[in-house]
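Enquirer: Numbering of the sequence shown is given in my numbering, commencing with residue 4 and proceeding in unit increments.
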Amino acid sequence: MIALQGNTHVKNGVLSDYCVDHGFIASSEEYYDLKVRMRKEVPSPPYPPVDEVLPVLKEAGIKVAIAHPHGYFNQGDRARMDTLRQECQLDGIECAHRKVPPGYTLIYREYCVEHGLFSVGGTDSHTVGDIQELFAGHGGADEWLDEFLGCLAL
Numbered sequence: 004m005i006a007l008q009g010n011t012h013v014k015n016g017v018l019s020d021y022c023v024d025h026g027f028i029a030s031s032e033e034y035y036d037l038k039v040r041m042r043k044e045v046p047s048p049p050y051p052p053v054d055e056v057l058p059v060l061k062e063a064g065i066k067v068a069i070a071h072p073h074g075y076f077n078q079g080d081r082a083r084m085d086t087l088r089q090e091c092q093l094d095g096i097e098c099a100h101r102k103v104p105p106g107y108t109l110i111y112r113e114y115c116v117e118h119g120l121f122s123v124g125g126t127d128s129h130t131v132g133d134i135q136e137l138f139a140g141h142g143g144a145d146e147w148l149d150e151f152l153g154c155l156a157l
C-alpha cells in the first residue's frame, strides 16, 4: 500500500528524532515546545476549500473517505454526519480506526450501509515501518475489503 500511496505525512516521532540527531533540541521531550515555536514563526498553509478539491477528485474517479471520524462526527451526531457526508461527497467512512470506540464502529458501519457508503478499517500505516506493526490492526470485518474493492473502477 505504501508503494501505491506514498508516505502521507512525516510522523512526529521521526521529526523529533531528526531534530535531536541534528542538534536542534537536546532531547525528544523538547520537541513539543519546538513545534509550538515553529507554529508561531511559520503558520501552516491553509487547506484548499472543499468546493475546489472535490470536483478534481471526483473527475479523476477518486473515492473520498473520512478518516478518524470520531471527532469530526462529534462521536455519533447524525446531523453532523449527514452534513459532512453531503459537503464532502463521502464515498466511505473509516469505521474501525484504532481510536474509534468499538460501539461507534457499529454506528458508523450502519450509517454506511444506510447511505450506500463503503466501510474501511483504519491502520495508520503511513510508513514502511508501520506496516509491520499496524497494518490490518483494526476492528473492521473482512467483507469490508470486498465491498471496497467492488466500488473501485479497476
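In this text, a Cβ means the ideal position worked out from N, Cα and C, and glycines have one as well. All values reported here derive from a predicted model rather than from experimental measurement.
Under 8 Å by Cβ, that's how I've got GLY168 and CYS98 pegged, so tell me the actual separation to the nearest angstrom.
Expert: Residue 168 falls outside the range modelled here, since the chain spans only 4 to 157, and no answer is possible.
Enquirer: I need the DSSP call for SER122, collapsed to helix, strand or coil.
Expert: SER122 falls in the strand class under three-state DSSP.
Enquirer: Enumerate in chain order the residues of its own chain whose CB-to-CB distance from HIS73 is below 8 Å, with the five nearest sequence positions on each side excluded.
Expert: HIS100, LYS102, VAL103, PRO104 and TYR107
Enquirer: In its own chain, which residues sit with a C-beta less than 7 Å from the C-beta of HIS118, not counting the 5 before and 5 after it?
Expert: ARG88
Enquirer: Ignoring anything shorter than 4 residues or poking outside the region 40-115, list the alpha helix (DSSP H) runs there in chain order.
Expert: 53-62, 72-75 and 81-90
Enquirer: Taking the continuous alpha helix (DSSP H) assigned at PHE151, which residues delimit it?
Expert: 146-154
Enquirer: Out of PHE121, LYS14 and GLU150, which has the shortest C-alpha to C-alpha gap to ALA70?
Expert: PHE121
Enquirer: Is the beta carbon of CYS22 closer than 8 Å to that of TYR35?
Expert: no
Enquirer: Give me, in chain order, the residues of the same chain whose beta-carbon lies closer than 8 Å to that of GLU90; leave out the 5 immediate sequence neighbours on both sides.
Expert: Only VAL53 meet the Cβ criterion.
Enquirer: Apply the 10 Å Cβ neighbour rule to TYR111 and answer buried if 16 or more other Cβ atoms are within range, or exposed otherwise.
Expert: buried
Enquirer: Is LYS66 closer than 8 Å to GLN92 when the C-beta atoms are compared?
Expert: The criterion of a C-beta distance shorter than 8 Å is not satisfied by GLN92 and LYS66.
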